[in-house]
Every structure is written in structure tokens, then in C-alpha cells.
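Residues in the sequence shown are numbered from 381 upward in steps of one, following this note's numbering. Backbone N, C-alpha and C fix where the C-beta goes; we use that ideal spot for every residue, glycine too. Values in this document were obtained by computation on a predicted structure and should not be read as measured data. Following: one structure in C-alpha cells, then a few remarks.
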Amino acid sequence: MEGGLIYFFPGAGPTLSPADLEARGLGYAFDRAPDCRQTGRGPDGGPGLLCSGQLGGAALSYEASSQRWIEIPGAKAPAWVGIWRDSPPPGPADLARPVQLPGHRVELADGREWVAPIVRGVAEDGGEPIAYCPLPREMQLDEEGRLSPGEITKAYQTLWDAAAAFFDTVAGPLEDPAGDAETRIPIDSNAAVELLAANYFLGPAEVVLLGLLRWNGPEAQRILEAAIDLPSWEQLLKKKRPPDTSSIGNGPPGGPGDTDPP
């Protein structure tokens with residue numbers, strides 16, 4: 381079978397619109413009306429609607445022995461997500477959003493590389509690393525009536541908040557350089573999923589189903605490090621030792637001159 385995610389909505393049918401999916405708390409998983417097919421039996425044992433944003437109608441069937449399903453907790457209406465066992469699980473090419481934020485490729489626990497977005501970028505100015513905000517922002521007028529960047533667009537504010545929180549944990553002097561980074565630096569796996577979801581049609585349930593992160597594994601930290609553009613930071617700091625985090629700005633929000641988000 382093809383690789384893709386299948387969703388099951390108990391008692392629903394015959395179709396679900398993007399507005400319906402948003403109302404059910406699954407708007408993050410679709411950007412258009414999905415292909416759907418009614419079934420007399422789903423993973424909960426009852427009838428409902430099978431939908432997918434990647435698979436065509438021919439692949440939309442419920443076969444318990446050939447599929448793996450998990451219920452999606454926290455949805456506004458009952459919902460399940462599943463994959464076919466006998467085909468490669470959907471990967472970055474299958475779940476990529478049509479427009480992605482630029483980022484760094486990071487290997488996740490499935491062994492594939494996914495693009496984690498850069499939220500707090502680092503650039504070089506006069507030989508010094510400086511921070512900037514690459515996220516879409518509202519337009520405003522400065523005191524002279526010229527167009528200038530304003531607040532981060534609302535849809536991306538949570539990404540900035542996640543990156544800012546992680547930056548705050550790594551920007552200061554590390555108390556124990558020889559210690560274990562996983563215990564020294566708090567890792568917010570939920571924030572990592574939110575960042576990854578900016579570029580892919582997935583959420584926490586899909587990440588668990590696909591096995592993209594491991595508890596105490598390095599994958600969530602890789603996503604968070606990409607969000608604060610740590611690879612670029614490290615490259616720039618190689619040119620200048622010892623590293624001085626104060627040269628990167630005063631901490632999130634951060635950026636050169638009038639580009640700081642208010």
C-alpha cells in the first residue's frame with residue numbers, strides 16, 4: 381500500500397470539510413478537504429469515516445491486522461490516526477506542507493531527515509554573531525512614515541515563544557560543561573513537536589505513531605537547536621573564541637536594531 385496517514389472519525393460522514401476538521405481539533409493535519417470513505421467498522425469497533433490527506437480513496441479501508449492505530453487524545457471530537465503496517469510509514473516528503481519555513485535538516489528517530497524551522501536566526505555582522513527574526517511579521521509604519529517590520533504574525537508567535545524559551549536555557553554560561561547535556565538542559569518535547577508541525581502535517585499523536593522522537597533521545601533537542609539556529613551560531617563562534625553569548629543580543633526577543641519584535 382501507499383505510505384500515508386489515515387484518520388478515523390467515529391459516527392462521522394459522508395465527508396468532512398476543512399472547517400469541520402478545524403472544529404474537531406484536527407485542522408493542523410489538513411490544508412484542504414481530504415479524501416474520505418465511510419466504513420462500517422473502525423478501530424473503535426463502530427462505524428465512521430476514514431479520511432486522508434495523502435492517500436486516495438482506494439487505500440481508505442479499515443483492516444485491523446494490517447494497520448496500526450492510536451486514538452488522538454485531546455481532540456475536540458473522537459478521532460484516531462493510523463498507518464499501514466506493510467508499507468513504509470509516511471515521511472517528510474509525504475507530510476511536508478506546501479510552503480515550509482527555511483530550516484536545518486535534522487535526523488529523527490525514524491532515521492530520516494526532516495526540516496526543523498529556524499525561528500531565531502543567527503547572522504554575522506562585522507565579525508560578530510547577531511540574532512534576527514526570520515518569521516513572517518506584520519507591516520507597520522515607523523516614525524517617518526516608512527514601512528518597517530512589526531509584530532510576529534500571530535500564527536507564528538508560539539514558535540517564537542518556544543525558541544525563546546529554549547534559547548534562555550542555553551544562552552548563559554554552562555555550569556557543568558563536562559556533565560550530561562540531557563539532564564543539564566531542559567528539553568520540551570511538546571515545543572519540539574510544535575516547531576516540526578510548522579513544516580509538516582502532524583501533531584503529537586502522529587509523532588508517536590511514526591516514532592519520530594524518543595524520550596531522553598536526542599531528536600527533540602536537535603529540533604530545538606535548529607530553531608535557535610545553533611549550527612550557524614557554532615560556525616560563527618569557531619571564528620571567534622572564547623564564545624560570548626552577550627554578543628548574540630540581549631536574549632529573545634532579539635535582533636539587530638529595529639528588527640526586534642516588539
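Taken in chain order, the complete beta strand (DSSP E) segments of 3 residues or longer contained in the region 389-438 are 415-419, 428-432.
In summary, Gln-601 is buried, with 16 or more beta-carbon neighbours lying within 10 Å of its beta-carbon over all protein chains present.
Taken atom to atom, the span from the alpha-carbon of Val-486 to that of Glu-599 is near 8 angstroms.
If you draw a straight line from the Cα of Glu-402 to the Cα of Glu-523, it is about 40 angstroms long. Excluding sequence positions up to five before and after Lys-456, its CB lies within less than 6 angstroms of the CB of Arg-404, Gly-405, all in the same chain and listed in chain order.
In this structure, the alpha-carbon of Ile-450 lies about 10 angstroms from that of Phe-388.
Between Leu-592 and Trp-494, the C-beta gap is smaller than 9 angstroms, which places the two residues in contact.
In the structure shown, Gln-615 adopts helical secondary structure according to DSSP, grouped into three states.
Listed in chain order, the non-local C-beta contacts of Met-519 below 8 angstroms within the same chain comprise Leu-527, Ser-528, Pro-529, Gly-530, local neighbours out to five positions each way being set aside. Just measuring C-alpha positions, the residue of Phe-546, Leu-589, Val-587, Tyr-580 sitting nearest Glu-605 is Phe-546. Nearest Cα to Leu-575 within the set Gln-537, Val-550, Val-588, Asp-548: Gln-537. Between the C-alpha atoms of Ala-572 and Ser-432 there is a straight-line separation of about 24 angstroms.
Proximity to Asp-568 across Ala-543, Leu-430, Gly-506 peaks at Ala-543, based on C-alpha coordinates.
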